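Since the structure comes first, as structure tokens, the remarks are kept for the end.
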């Protein structure tokens, strides 16, 4: 390709736009809390600003690196091992709000579950490319993927962080479904997952309270449904035009986690329907350009990887917004790009960096992601595999 | 290893693209659902949810805010906020209303039955919150919290405290129960001084038992540095109060002004009040007479006619004028002098305060020019001083002047002025003819100490420097050989003018034969005036002449404050009885002796003598002071409030730890400390 390639402009702009918008909203949502707790209203926004800077830097670096360096067995399994070790390491730290989710270093903390999302996506894309043509195999393809996903998800559930575990499951389902898994395999995996969720609901009382709160939040507005009710009040009182930037009242006391998990409620309250829909539309733009990148990716690894990354981010955003709007039961999960917290923002922007690198190939006229091209890729991979098989390459059966 | 070849045999068609698009479509549908939900919540349910939002947000209670401090020009605290406790109850948490009310009222010394009734009513109304005692002493609050009653809570609230009691009460003003300024600087700059009130929310928690409260802390307001000098203010108040008492007068006012800057160094009224308890004083006592009291100035106003005549070149101070043996007819109205004078120089006519002389000058100047000069001097308009309810005085527009008006106005009748206006006029002369608007604020600082306002007082030239110098000389004549010999100072030259005006009797609308306003306004030293002082005594009994009643107050104030202000003496010290034997001293010797006397005096006197302080009378600071240093008092065993007041008076800053009474202090008692220094105090209970 003699032509110089450029990352997708819209993908880039929507990401930077969402991140900067998030910075502004973090200020609005946190200023008063910060003033009260830390003596300066800029406490949270300053930290978030720093993380946004670091995140964008990481994104730029990832954008410059050819994504194919990830298609390397050592890199993929190395990442997997490191992630698993970090997920185990969190149990060595004292809990914050009853959960062990962070590895606390001297100045900042890492949240391995956020990194797990990225690692899992890379692994699935790599592994499924390796298994191209064998996607329908339960033993060769589906179960190994399910096993890795399940292992990571269980560690995350144990933190406990059900929200992020759920996002791991979503990435798994989306990527393996797109790769071509059989639907009954997915159904098979859903059964124990549903059983697990049911078990958690039965044995962890506050989860079942959250469920009932979701069904009828107004039944107990001061108790179990407190968060949902306060969030709905914030959104609803915003109306069409909103109360104006920084004019929101709910964040003062009523709305818990106003600058993190419930920041969308602050957006709805202060910027109204226009602002809230604007955020949804920006994620829509991000989704469109991301899917386009996936469809035009030059190879199967690139396609599955970009699809996994973009759906992971957008699905998490929609999930977070749905929690705020009481469309689904309350789950603690941040709104990508916008919620406060560097441990979520930096991995997310790193993911976008990879996505942006893949997106360069989408600009090639005529696209490389047409059906024929993919088919030939599949065929090529299959031939390769057959040749490898004949040569007695046993390494690929590691998960058999 | 497993049977891969068999599986591989069955190649399925690639569906990746279709499936990817299916995933995307699913997310888009999800977005649409979110859009619909948003419209439903923000449009259809908007009113209902807004109402819910308001009802819960209004459950918030505003707590008091911390007003910024007021300080004098040296940074000594004149008003500040102290933390007090307020007690509130959450009515439906209280089970046994009678018992709880009884315990609280015992601690507070109030009526238990009334409190019980209040709480029951609030309980019936399902109110979440009820104040039962606001801004009480920490000891009282402690007694209540010691009872550990369910549903009874304490909240810290700031209360305004004036550590010096009545000192500068009319300048500072006071605050109402809601902590807003009701008078003085407190009112004028209320918005700046007030901080943001805090908010207190509560909610029941999920178990419906305990209350959760959440406080948004209040933001402290901006602080104001005044031009007032605490020491000069104190001297002026003492001298004035003594004079009012001595002459059995109704009231009195004294203002000390720096003519070079327009800064008001002291502004005193007698009688005064304690701003800590403004309710205890009569409403008329709280009026700031210095700028709200309008009176006919009488002879002090003659300065306008004299300066107009000289400025316009109509007369020179040495010219003679025929005072017509004390009688003149203006527009068929006959006006008399208090003494019959014949031929006098212009300077003598002013010194002897001849009405005829002033009237003749007024007639020479003419109505229109006279009016212009009156306006230029600032009469008939507010001085713009930073205090509320300033009066403009009474100045009829030129077209409503009677033919005889020029005569009356020239000698200070038919016109109403405030003491501050007269002081500003004399400051104009003292400042070489340039009038600088009098003002009270040096600087306003934000809570973090950065400057947010510095005054830029309006200034304009009224008369030329030559005219001003001529007038200064003439006014010095008043104290040397005119009506104000009692205004002569020990060690300083002084100039000024007396005023003795009859008050208008409200019943007869004529001049009263018994009610007078005696005033003196002057400045010192004459060649380079450092202060202008006006003293106005309303309705003195006995002698009513400005030269007898007011001039000595001028002298008392000036003689005390000029050395304090480090103004070098410019004339010899009058011999006092113990000095009679001494030979005439050289000026250098006089200066030296004065300095020695001053040092000795300062070593002896307390830093700030006791101020009248209502019922909290009698707290004397036993501290000896040397010229630049103060000796650290022994604060051990004293309460927070007590210590705060003492340190405020000494100009010491406190760094306190713990509460209760002082058990350790640094520096040690008797150590030399300087103004503004930090002292470290450990409080404890034992």
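Chains as they are written, first to last, in the working numbering: chain E, 1 to 400; chain A, 1001 to 1686. Beta carbons are placed, not taken as given, at the ideal position from N, Cα and C, and that holds for glycine. Please read all numbers here as calculations on a predicted model, not as lab measurements.
Judged by beta-carbon spacing, residue 331 of chain E lies within the 8 Å limit of residue 323 of chain E, meaning their Cβ atoms are closer than that value. Around the beta carbon of residue 1295 of chain A, 16 or more other beta carbons sit within 10 angstroms, so the residue counts as buried. Judged by DSSP in its simplified three-state form, residue 233 of chain E adopts helix. With its beta carbon at least 8 Å from every one in chain A, residue 282 of chain E lies outside the interface. Look at residue 1218 of chain A: its C-beta is not under 8 Å from any C-beta on chain E. Of the candidates E:134, E:193, E:135, the residue whose Cα lies closest to the Cα of residue 162 of chain E is E:193.
Distance between residue 286 of chain E and residue 35 of chain E, taken at the CA atoms: about 34 Å. Taking C-alpha positions only, residue 1477 of chain A is separated from residue 1218 of chain A by approximately 58 Å. Just so you know, the alpha carbons of residue 1135 of chain A and residue 1298 of chain A end up roughly 49 Å apart. In this structure, the CA atom of residue 1150 of chain A is about 43 Å from the CA atom of residue 106 of chain E. Judged by DSSP secondary structure, residue 1518 of chain A falls outside any alpha helix (DSSP H) and instead within the beta strand (DSSP E) spanning 1511 to 1524.
A Cβ-Cβ distance of about 52 Å is found for the pair residue 318 of chain E and residue 1444 of chain A, leaving them out of contact under the 8 Å criterion. With respect to residue 120 of chain E, residue 149 of chain E sits close: the two C-beta atoms are nearer than 8 Å. By the neighbour-count definition (other C-beta atoms within 10 Å, threshold 16), residue 1030 of chain A is a buried residue. Residue 1320 of chain A and residue 1291 of chain A have their C-alpha atoms spaced approximately 37 Å apart. At a cut-off of 8 Å between C-beta atoms, residue 311 of chain E counts as an interface residue with respect to chain A.
Assignment of beta strand (DSSP E) within the region 258 to 313 of chain E, counting only whole runs of 3 or more residues, yields no such run. In the three-state scheme derived from DSSP, where H, G and I count as helix and E and B as strand, residue 326 of chain E is classed as coil. Residue-level contact by beta carbon holds for residue 1030 of chain A and chain E, with a gap shorter than 8 Å.
For residue 294 of chain E, at least one C-beta of chain A is nearer than 8 Å to its own C-beta. Under the 8 Å Cβ criterion, the region 1323 to 1337 of chain A does not count as touching the region 1268 to 1283 of chain A, having fewer than three qualifying pairs. For the region 105 to 133 of chain E, residues whose beta-carbon sits nearer than 7 Å to a beta-carbon of chain A comprise 133.
Here residue 1156 of chain A is bridged, per DSSP, to A:1085. Contact between residue 1171 of chain A and residue 1184 of chain A is confirmed by a C-beta separation of about 6 Å, below the 8 Å threshold. Between residue 1019 of chain A and residue 177 of chain E a beta carbon distance of about 6 Å is seen, short of the 8 Å cut, so the two are scored as contacting.
Counting only runs of 4+ residues, the alpha helix (DSSP H) found wholly inside the region 1317 to 1396 of chain A occupies 1346 to 1351, 1355 to 1365, 1367 to 1376, in chain order. Between residue 1268 of chain A and residue 1556 of chain A, the C-beta gap is not smaller than 8 Å, which leaves the two residues out of contact. Against chain E, a Cβ distance below 8 Å from residue 1035 of chain A picks out 277, 280.
If you compare the alpha carbons of E:96, E:165, E:14, E:147 with that of residue 312 of chain E, the shortest gap goes to E:165.
In the DSSP annotation of this structure, residue 1460 of chain A is not part of any alpha helix (DSSP H); the continuous beta strand (DSSP E) holding it starts and ends at 1459 to 1461. When only Cα atoms are considered, residue 172 of chain E and residue 8 of chain E end up about 25 Å apart. Within the region 221 to 240 of chain E, the residues whose Cβ lies closer than 9 Å to any Cβ of chain A are, in chain order, 221, 222, 223, 224, 226, 229, 230, 232, 233, 234, 235, 236, 237, 238, 239, 240. The Cβ atoms of residue 1495 of chain A and residue 1520 of chain A lie no closer than 8 Å to each other.
Around the CB of residue 123 of chain E, 16 or more other CB atoms lie within 10 Å, so the residue is classed as buried.
When C-alpha distances from residue 1428 of chain A are compared across A:1456, A:1362, A:1533, the shortest belongs to A:1533. Residue 1325 of chain A and residue 1285 of chain A have their alpha carbons spaced roughly 43 Å apart.
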